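Number of protein chains: 2
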Amino acid sequence: MTRVLNDPDDFPAQAVAGLASAFPNHLKPVFGGVARATATPQGKVALVVGGGSGHYPAFAGWVGQGFADGAVCGNIFSSPSGAQAYSVCKAADRGAGVLIGFGNYAGDVLQFGQAAERLKAEGIEARCLLVTDDIASAGPDELPKRRGIAGDLPTFKVTGAACEAGMSIDEVEQIFNRVNHRTRSFGVAFQGCTLPGADEPLFKVTEGRMGVGMGIHGEPGIHDADLGTADDLAGLLVDGLLADRPEDAGTRVVPIVNGLGDTKYEELFVIWNDIRRLLAEAGLEIVDPQVGEFVTSLDMAGLSLTLVWLDDVIEPLWLAPCDTPAYRRGAVGAVELDTTELSQQAEAVTVEDPGGPASQDVASTVVEALDLIHDVLLERQDELGRLDSIAGDGDHGIGMSRGSTAGVEAARAVAAKGAGALTTLAAAGAAWSEQAGGTSGALWGAALTAFGSVLGDQEGCRPGLVVEAAAASLDAVKRLGGAQRGDKTMIDAMEPFVETLRGSAADLPTAWGAAVLAAEAGARSTADIVARLGRSRPLGEKSLGTPDPGAISFVDVVRAVGSVIG
Amino acid sequence: MTRVLNDPDDFPAQAVAGLASAFPNHLKPVFGGVARATATPQGKVALVVGGGSGHYPAFAGWVGQGFADGAVCGNIFSSPSGAQAYSVCKAADRGAGVLIGFGNYAGDVLQFGQAAERLKAEGIEARCLLVTDDIASAGPDELPKRRGIAGDLPTFKVTGAACEAGMSIDEVEQIFNRVNHRTRSFGVAFQGCTLPGADEPLFKVTEGRMGVGMGIHGEPGIHDADLGTADDLAGLLVDGLLADRPEDAGTRVVPIVNGLGDTKYEELFVIWNDIRRLLAEAGLEIVDPQVGEFVTSLDMAGLSLTLVWLDDVIEPLWLAPCDTPAYRRGAVGAVELDTTELSQQAEAVTVEDPGGPASQDVASTVVEALDLIHDVLLERQDELGRLDSIAGDGDHGIGMSRGSTAGVEAARAVAAKGAGALTTLAAAGAAWSEQAGGTSGALWGAALTAFGSVLGDQEGCRPGLVVEAAAASLDAVKRLGGAQRGDKTMIDAMEPFVETLRGSAADLPTAWGAAVLAAEAGARSTADIVARLGRSRPLGEKSLGTPDPGAISFVDVVRAVGSVIG
């Protein structure tokens, strides 16, 4: 269990600070994570990797020559905010574009996607690379749905080597797709880890049993099974991976045996001995095996086997030199330290030009509305937390409360400097997303930003523009979150709201009131089935009769806004 | 806990085999452990490190260019046998002598000492280097009594770099003494590990408490204390080490934060953050900090802080390049693989020349006596185990049984080839020591070998020679084991035995019988106090009234021999 800590809330930040100071020749801290301490020439494509913390050496342990240019470090097992990702990407950018690599988890997709959008808006080419190596998380016909586990190591290493070799962003992206497609992992878990400040493990596995295909945060796997011998387990993992070979696999493989934290080196060497024999018996040629801790989950017990099916393109990139805190290979040659000062604070949305007088009036109404939203969400925090604890990880109440607090403060600050509605809502969205964290934080950040982009920074407001803005918010949330109506998310409340608003011939206050009622009906409808969720926290089943907390909080927000409209 | 295994008995051997095959460019297996896979020139002093298994990266993870030449891998937390150590040293020797580095534990001192004697007998200069960094294990006035923990890393790294730099064995030994004196560690444990095949941890610490100064196998520390925050713990460790500075410490230190297995990287980075601040506040200059897992204890929870007080000699050696499975630094340049075939079996004592006819007769009596010893020890196995389980780890019965089985088989094999008494007893001693393992195995191996060296390979036997041989055995056991009469060991039976035998004017059978009675009285006397033992397994106190099992088994052995004498 996690025992060495000061304040659980500060644990991830203190761990990153300690990490950066332990490797001053490799890492320098920047808001949101770490960047290379060594100088990198202009014109090199940057690779930024990341995700939640708690997986060291992934991801910050891989920053350095020949590997990644920066790592975004979220809270423990939680996606970083878009602002964190943006900050690290800005520090890593050398004018040739930024590739953002991460495991395929909903929150990461959202937050890193948001950062990529912000970079592109500034003219920096930015693309997301989603690792999808875990064969247990979806079938071979649904490769893009698979999540990323220990395959992060080879896919990022090969991609980083391609960047270092001077390839263009298009070429590197193709290399990533190639190695990601040829990298497959299969793991088992014996016991959960305890989060900092918690007394009990995140999940438990019956002694002598194991969760086959269980994810690195305890996400459900294929089934439970008896633990058996090391040889039995080796057979299970090898058979699973050989049955899931990519087309044109070839016969040369890099096997990676990864311990999750509590399953130690000696155990990994014992099972490697069995895996090696089985791979040889299957006629495979073993190249450069890796046995150790690469992608951990605090002190979780378990391990995974990854096979990287080599080809002529991947092999030299995998074997190329690199020098990072936790992964070194060959000699990278002389390096010098980069003396650039990096920001230790989120880059605030600035007020370049004051808004038009009419839009400044709209901005002050926006601040008023955000104030009301904030009051309501503070009051509803415990209830939303209670709802979320049934289906999720119980942090929806605190997340919405933190997000709205940060949002109204940021909005008030820029409005006081004369910002128009667009700038005010963009500032609120960025702050909300950063402080709330997680999926809902990113979605609310995107929703506010999209709302503002319709209102603009010059003109005043009219009822039609509000309807259009609400529709734009809905589009942003659907695009970023990927959920559809019926998926038991906030969309089930948001889409009826926008449809009702758009379809109404009444005045705005009346139409808004009707839309709120439609949203409420939609939110209630999310309680009518048992839906299994695929999120990064260990979730059970949504209980029958418990509505989705995201849909409920959407109703809370639009009802609060109604009193400003009216 | 340890979950991934096939057969608990084969766990260490399978782990070493897996390790060697996972790093084919660094390691090649040899009986007893691993040697460098890369070619090493003649004339370089060899550094062989080792000890029990279960501490990876220590020790086999440190074999390679710029670091160690070989590692001896014992069973989990158990000293390797002298034959294992001898085998690895022979593979590592390049004609300039062998330095054998290990932590200061009784069993290791014995077994590695025995190997060094065997090498020296062959004309290979061999010396032992004892790491004594743990400040909790003895006071500053008793530095040589301290045991070795995470200080193994810097002391061996610096020593290996000195070997690589082409220094003579005298110079390297001085370097080791220098860095060992300037390396101090202080650790805490939160929870024990489970040995392969066991269901319960080796020891338990109450949740929320910690064992301060507890050893890496659970040896008792200074006291228990509340766990506190990371900052509290950092203060405890830093204060302890600063109060124990070597003279001429200087102000430049390499701090090493070492996790024992279950206390993970993020926790280590958090406490490093606090340690760094405290060291800086104390006016120290931090050089090249190390934070990670270096000397583990399977999945034990806990950590230690080591300070290496640099000087002009140590610093460049610490920073010199090296390339090993688990520790890499800088670039070691081009290397090539060593194609020498290494032995995968213990080197048997060979029969170079047949013994004289009279000595061949003595040899057949020796085999007869060993057969009787073997029968008795097999019969007494459970009782000796029971006695040992009260004060020790319960393996004395099985160890004596295994040792005597191997001893009589080896003796019979060489006697059949015409060996004299010396060669026959040397073969028995080597086999006993190797198969029995542990402290008593090494002592019995030395006793038999010393007995034989008096009898020689040519002459027949006479009563006076038997007395002299028994006295030589006693001397060997006292020299190697370091115990004196009254320390509640087998010496308490053996010394009265030899004194009575030597002082008797009667015929040998009568004198032997009286000596057995004196030994028995001596063995009983070991039960009369409560004596705390300082061994590597977690021991309690010897219970009042329980005699030392080693003294008891000595009586068993000499009584059995009596029937051959008579």
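These protein sequence lines map, in sequence, to chains E and R.
One point on numbering: in UniProt numbering, the residue at position 152 of the first sequence is 152, and numbering is uninterrupted.
One point on numbering: in UniProt numbering, the residue at position 341 of the second sequence is 341, and numbering is uninterrupted.
We put the CB at the ideal spot given by N, CA and C, even for glycine.
A quick note: this is a predicted structure, and the numbers were derived from the prediction, not measured.
> Quick one: is R479/R buried, meaning 16 or more other Cβ sit within 10 Å of its Cβ, or exposed?
Replying inline: Here residue 479/R refers to the residue found at position 479 when the second sequence is read from its first residue. Looking at its Cβ environment, which holds fewer than 16 other Cβ atoms inside 10 Å, R479/R is exposed.
> Excluding the five sequence neighbours on either side, which residues of its own chain have a C-beta within less than 7 Å of the C-beta of G43/E, listed in chain order?
Replying inline: Position 43 of the first sequence, counted from the start, is the residue given in the question as residue 43/E. Same-chain partners within the cutoff: R94, G95 and A96.
> Which word fits P29/R, buried or exposed, when buried means at least 16 other C-beta atoms lie within 10 angstroms of its C-beta?
Replying inline: On the second sequence, residue 29/R is found 29 positions in, with the first residue counted as 1. Classification of P29/R: buried, given that the 10 Å Cβ count is 16 or more.
> Roughly how many angstroms separate the alpha carbons of F156/E and A515/E, rounded to a whole number?
Replying inline: Translated into positions along the first sequence, residue 156/E becomes position 156. Translated into positions along the first sequence, residue 515/E becomes position 515. In a straight line, the C-alpha of F156/E is about 46 Å away from that of A515/E.
> With C-beta atoms as the reference, is D548/R less than 8 Å away from T489/R?
Replying inline: Indexing the second sequence from 1 puts residue 548/R at position 548. Indexing the second sequence from 1 puts residue 489/R at position 489. Cβ atoms of D548/R and T489/R: closer than 8 Å.
> Shorter than 8 Å from the beta carbon of T2/E to some beta carbon of chain R?
Replying inline: Numbered from its first residue, the first sequence carries residue 2/E at position 2. Answer yes: the Cβ-Cβ gap between T2/E and chain R drops below 8 Å somewhere.
> Can you give the Cα-Cα distance for L384/R and T449/R, rounded to whole angstroms?
Replying inline: By 1-based counting over the second sequence, the position of residue 384/R is 384. By 1-based counting over the second sequence, the position of residue 449/R is 449. Going from the Cα of L384/R to the Cα of T449/R covers about 24 Å.
>> Counting C-beta neighbours from all protein chains within 10 Å, is the total for N104/E 16 or more, i.e. buried, or is it exposed?
In response: Locating residue 104/E in the first sequence gives position 104, where the first residue counts as 1. Classification of N104/E: buried, given that the 10 Å Cβ count is 16 or more.
>> Just verifying my parser: in three-state terms, what is the DSSP assignment at T38/R?
In response: The residue given as residue 38/R occupies position 38 in the second sequence. Strand, per DSSP.
> Mind checking P140/E: buried by the 16 CB within 10 Å criterion, or exposed?
Replying inline: By one-based count along the first sequence, residue 140/E stands at place 140. The residue is exposed, with fewer than 16 neighbouring Cβ atoms inside 10 Å.
>> Suppose you measure from the CA of V172/R to the CA of L19/E; what does that come to, to the nearest Å?
In response: Position 172 of the second sequence, counted from the start, is the residue given in the question as residue 172/R. Position 19 of the first sequence, counted from the start, is the residue given in the question as residue 19/E. Between V172/R and L19/E, the C-alpha separation is close to 34 Å.
> What residue does the alpha helix (DSSP H) around D311/E start on, and which one ends it?
Replying inline: Against the first sequence, residue 311/E aligns to sequence position 311. Careful: D311/E lies outside any alpha helix (DSSP H) and carries neither H nor E.
>> I'd like to know if V270/E contacts chain R, where contact means its C-beta is closer than 8 Å to some C-beta of that chain.
In response: The residue labelled residue 270/E in the question sits at position 270 within the first sequence. For V270/E, the answer is yes, since a Cβ of chain R falls inside 8 Å of its Cβ.
>> Residues of chain E with CB closer than 7 Å to the CB of P496/R, please, in chain order.
In response: As a first step, residue 496/R must be located in the second sequence, where it is residue number 496. What P496/R touches in chain E: nothing, since even the nearest Cβ is about 44 Å away.
> In the DSSP assignment, what residue or residues form a beta bridge with T181/E?
Replying inline: The count along the first sequence starts at 1 and reaches residue 181/E at position 181. One point to set straight first is that residue 181/E is His, not Thr, in the sequence displayed. Bridge partners of H181/E: none, in fact.
> Of all the CB atoms in chain R, is at least one closer than 8 Å to the CB of L5/E?
Replying inline: By 1-based counting over the first sequence, the position of residue 5/E is 5. True, the Cβ-Cβ gap to chain R drops below 8 Å.
>> Here's the rule: buried if 16 or more other CB atoms are within 10 angstroms of the residue's CB, otherwise exposed. What is R462/R?
In response: Counted from its first residue, the second sequence places residue 462/R at position 462. By the 10 Å Cβ count, R462/R comes out exposed.
> Residues of chain E with CB under 9 Å from T229/R, in chain order?
Replying inline: Taking the second sequence and counting its residues from 1, the one referred to as residue 229/R is at position 229. Ordered by position in chain E, the residues that pass the 9 Å Cβ test against T229/R are V4, L5, N6 and D7.
> From the DSSP output, which residues share a beta bridge with F190/R?
Replying inline: Counting from 1 along the second sequence, the entry for residue 190/R is found at position 190. Answer is none; F190/R lacks a bridge partner.
> Who are the neighbours of R53/R on chain E, taking C-beta pairs under 7 Å?
Replying inline: Taking the first residue of the second sequence as position 1, residue 53/R is located at position 53. The sequence as given places Ser at residue 53/R; Arg does not occur at that position. Those are E266, listed as they occur along chain E.
> Where in the region 363 to 397 of chain E do unbroken runs of the beta strand (DSSP E), each at least 3 residues long, occur, reported from the N-terminal end onward?
Replying inline: none
> Of the choices D69/R, C73/R and T324/R, whose alpha-carbon is the least far from that of V16/R?
Replying inline: Counting from 1 along the second sequence, the entry for residue 16/R is found at position 16. Of the listed residues, the one whose Cα sits closest to V16/R is C73/R.
> With a Cβ-Cβ cutoff of 8 Å, do V270/R and F269/E count as a contact?
Replying inline: On the second sequence, residue 270/R is found 270 positions in, with the first residue counted as 1. On the first sequence, residue 269/E is found 269 positions in, with the first residue counted as 1. Their beta carbons are not under 8 Å apart, which means V270/R does not touch F269/E by this criterion.
> So, using beta-carbon positions, are E459/R and A358/R closer together than 8 Å?
Replying inline: As a position in the second sequence, residue 459/R is number 459, starting the count at 1. As a position in the second sequence, residue 358/R is number 358, starting the count at 1. Yes, these two residues count as a Cβ contact at 8 Å.
>> Applying the 10 Å Cβ sphere with the 16-neighbour rule, what's the burial state of G70/E?
In response: To locate residue 70/E, count along the first sequence from 1; it is residue 70. G70/E comes out buried.
>> Pop quiz: A60/R and A85/R are said to be a contact at Cβ under 8 Å. What is the actual Cβ separation, rounded to whole angstroms?
In response: Looking up residue 60/R in the second sequence gives position 60. Looking up residue 85/R in the second sequence gives position 85. Going by Cβ atoms, the distance from A60/R to A85/R rounds to 14 Å, so no, they are not a contact pair.
>> Counting C-beta neighbours from all protein chains within 10 Å, is the total for C273/R 16 or more, i.e. buried, or is it exposed?
In response: Locating residue 273/R in the second sequence gives position 273, where the first residue counts as 1. Checking the sequence, you will find Asn at residue 273/R rather than Cys. Under this definition N273/R is a buried residue.
> To the nearest angstrom, how far is it from the Cα of A68/R to the Cα of S473/R?
Replying inline: Counting from 1 along the second sequence, the entry for residue 68/R is found at position 68. Counting from 1 along the second sequence, the entry for residue 473/R is found at position 473. Their backbone Cα atoms lie some 34 Å apart in a straight line.
> Taking just the CA atoms, how far does A369/R sit from L233/E?
Replying inline: Your numbering for residue 233/E matches position 233 in the first sequence. Your numbering for residue 369/R matches position 369 in the second sequence. So the two alpha carbons sit approximately 48 Å from each other.
>> So if I threshold CB-CB distances at 7 Å, which residues from the region 197 to 226 of chain E count as touching chain R?
In response: none
> Mind checking if R252/R is an interface residue toward chain C, Cβ cutoff 8 Å exclusive?
Replying inline: This model lacks chain C altogether, as its protein chains are E and R.
> Can you give the Cα-Cα distance for I222/E and F176/E, rounded to whole angstroms?
Replying inline: Your numbering for residue 222/E matches position 222 in the first sequence. Your numbering for residue 176/E matches position 176 in the first sequence. Cα-Cα distance, rounded: 27 Å.
>> Suppose contacts are defined by Cβ-Cβ distances below 8 Å. Is L241/E in contact with F294/E by that definition?
In response: Taking the first residue of the first sequence as 1, we reach residue 241/E at position 241. Taking the first residue of the first sequence as 1, we reach residue 294/E at position 294. No. Outside cutoff.
> Residues of chain E with CB under 7 Å from Q14/R, in chain order?
Replying inline: Position 14 of the second sequence, counting from 1, holds the residue named residue 14/R. Those within 7 Å of Q14/R in chain E are V270 and N273.
> Would you say G261/R faces chain E, with C-beta separation under 8 Å as the test?
Replying inline: The sequence position of residue 261/R within the second sequence is 261, counting from 1. So, interface residue.
> Quick one: Cα of L508/R to Cα of V98/R, how far?
Replying inline: Against the second sequence, residue 508/R aligns to sequence position 508. Against the second sequence, residue 98/R aligns to sequence position 98. Roughly 43 Å between the two C-alpha positions.
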